[in-house]
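Heads up, the thing below is written out as structure tokens.
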Amino acid sequence: MKRSTLAGQVIVITGATSGIGLCTAQLAAQRGAKVVLVARSTGVLESVVRLIRESGHDAIHLVADVADRAQVAAAAQAAIDAYGRIDTWVNNAGVSIYGRLDEVSEEDSRRMFDVNFWGVVNGSLAALPHLKASEGALINVGSEVSELALPLQGMYASSKLAVKGFTDALRVEQEEVDKSGVSVTLIQPSAVDTPHPQHARNYMDAEPRHPTPTIDPARVAEAILRAATEGGRDVKVGAIAMLNSAMSTLAPALADKLAARRADRQQTDQPPQRPAGALYEPTESGRIHGLPQPDEAFAGEADD
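Listed below in structure tokens is the structure:
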């Protein structure tokens, strides 16, 4: 049962303290949703929830690492305890690694998969019984890189390909086999102007950056919130995402050559600022955009 409005919906968002997650949480609250923010940073969560409540809207938070299934289950239970149901669950938390595949450690790669892939699995399975009850929406934030090569972020792209495979299979099971009433949507944006590079584990000898052009996080947040009311299958956000996906399908050899050009475009001329990133510990910016923007409010700490 699709809902025509966000007003009154109970929406759980992981990775809700920076970037796409923070932007989505703020917009959802402004439109009348009851928002449950899930992330690792206590300080930023408290700040964001306080600001939402001071604006006359409703929100709670739970500190959790999405790689831990028990912690994710506790987040789902917190939403049920507070509001009695879950209408939409957004698996957004994620982190990247910049570095050649033959240089990245197995430990770091496994940790990233624990967050990016298993975090989506954990959130989906924790949310599913409640979404069946409400005939709600499950929304997984993937990436265009699940359909194209990305040098220097190869393991990240691999994790997003795994997210796509899991989401596609779950959609068929829920929508086509079981007819459960749950919509399962994959959001696939192109490069987004978020702190993604600053939060990544960095093996390079230069500070990482997004390859240009980037899109505003609000465009992705809008796509997520549309899926919360309209459902959808896989939603590409940004013309570049659609172009790159088409190129990979129709002219894969040419797509490989174009992908090689992204290597230099993912590095600045500055030395690494925080190579450890947020792979194991949260950062402290509370920022939606990757670099300071005029008149942008900061929440305190940041997560994925």
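Going by this note's numbering, 594 is the number at position 253 of the sequence shown; the sequence numbering is gapless. The beta-carbon is built from N, C-alpha and C at its ideal position, and this holds for glycine as well. Only a predicted model underlies this, so the values are computations on that prediction, with no experimental measurement involved.
Beta-carbon proximity list for residue i, same chain, < 8 Å, skipping 5 on both sides
i: Val450; result: The amino acid at residue 450 is misidentified as Val; the sequence shows Ser. Ile438 and Met496.
i: Thr553; result: Ala532 and Arg606
i: Leu491; result: Tyr497, Ala498, Ala600 and Arg603
i: Asp610; result: Ala547
i: Glu444; result: Tyr544
i: Glu637; result: With a pLDDT of 43 at Glu637, under the threshold of 50, the predicted position of this residue should be treated as unreliable, though the coordinate-derived value follows. Around Glu637: Arg628, Ile629 and His630.
Element boundaries [alpha helix (DSSP H), containing residue i]
i: Ala415; result: Arg410 to Tyr424
i: Val389; result: Thr383 to Glu395
i: Leu363; result: Gly360 to Gln371
i: His471; result: Trp459 to Ser475
i: Asp605; result: Arg603 to Arg606
Beta bridge counterpart(s) of residue i as assigned by DSSP
i: Ile556; result: Val533
i: Leu378; result: Ile354 and His402
i: Ser524; result: Ala478
i: Val407; result: DSSP, once it has assigned bridges, lists no residue as partnering Val407.
i: Asn433; result: Paired residues: none, contrary to the question.
i: Pro549; result: Gln608
i: Ile629; result: Bridge partners of Ile629: none, in fact.
i: Arg542; result: Ile438
Anticipated Cβ contact below 8 Å, residue i with residue j, distance rounded
i: Ala547; j: Gln608; result: 4 Å
i: Val431; j: Thr508; result: Actually they are not in contact, since the Cβ atoms of Val431 and Thr508 sit about 12 Å apart, beyond 8 Å.
i: Lys501; j: Ser487; result: 4 Å
i: Ala419; j: Ile480; result: Actually they do not touch by this definition, with Cβ atoms about 19 Å apart.
Enclosing beta strand (DSSP E) for residue i [first to last residue]
i: Val513; result: Note, Val513: premise wrong, no beta strand (DSSP E); not H, not E.
i: Asp575; result: Asp575 to Val578
i: Ala478; result: Ala478 to Val482
i: Val445; result: Here Val445 belongs to no beta strand (DSSP E), and DSSP marks it neither H nor E.
Residues of its chain near residue i, where Cβ-Cβ distance is below 6 Å and the 5 sequence neighbours each way are ignored
i: Ser524; result: Ala478 and Gly572
i: Arg512; result: Val525
i: Arg372; result: Leu347
i: Gly631; result: Asp534, Thr535 and Pro536
i: Ile352; result: Ala369, Ala374, Val376 and Thr429
i: Phe454; result: Ser500
i: Arg560; result: Val578
i: His402; result: Leu378, Leu386 and Val390
i: Ala617; result: none
Identity of the residue in the options nearest residue i by Cα
i: Gln505; options: Val385, Val404, Ala419 and Val576; result: Strictly speaking, residue 505 in this sequence is Lys, with Gln absent from that position. Checking every option, the nearest Cα to that of Lys505 belongs to Val576.
i: Phe458; options: Gly483, Leu442 and Gly440; result: Gly483
i: Leu466; options: Pro613, Glu514 and Leu442; result: Glu514
i: Thr590; options: Ile427, Ser388 and Leu489; result: Leu489
i: Ala366; options: Val404, Pro530 and Val389; result: Val389
i: Ala405; options: Asp519, Arg441 and Gly464; result: Gly464
i: Asn433; options: Asp597, Gln614, Ala510 and Leu566; result: Leu566
i: Gly460; options: His471, Ala411, Pro558 and Gly440; result: Ala411
i: Thr555; options: Pro530, Asp422 and Ala617; result: Pro530
7 Å CB neighbourhood of residue i in its chain, flanking five on each side removed
i: Asp409; result: none
i: Gly349; result: Gly373
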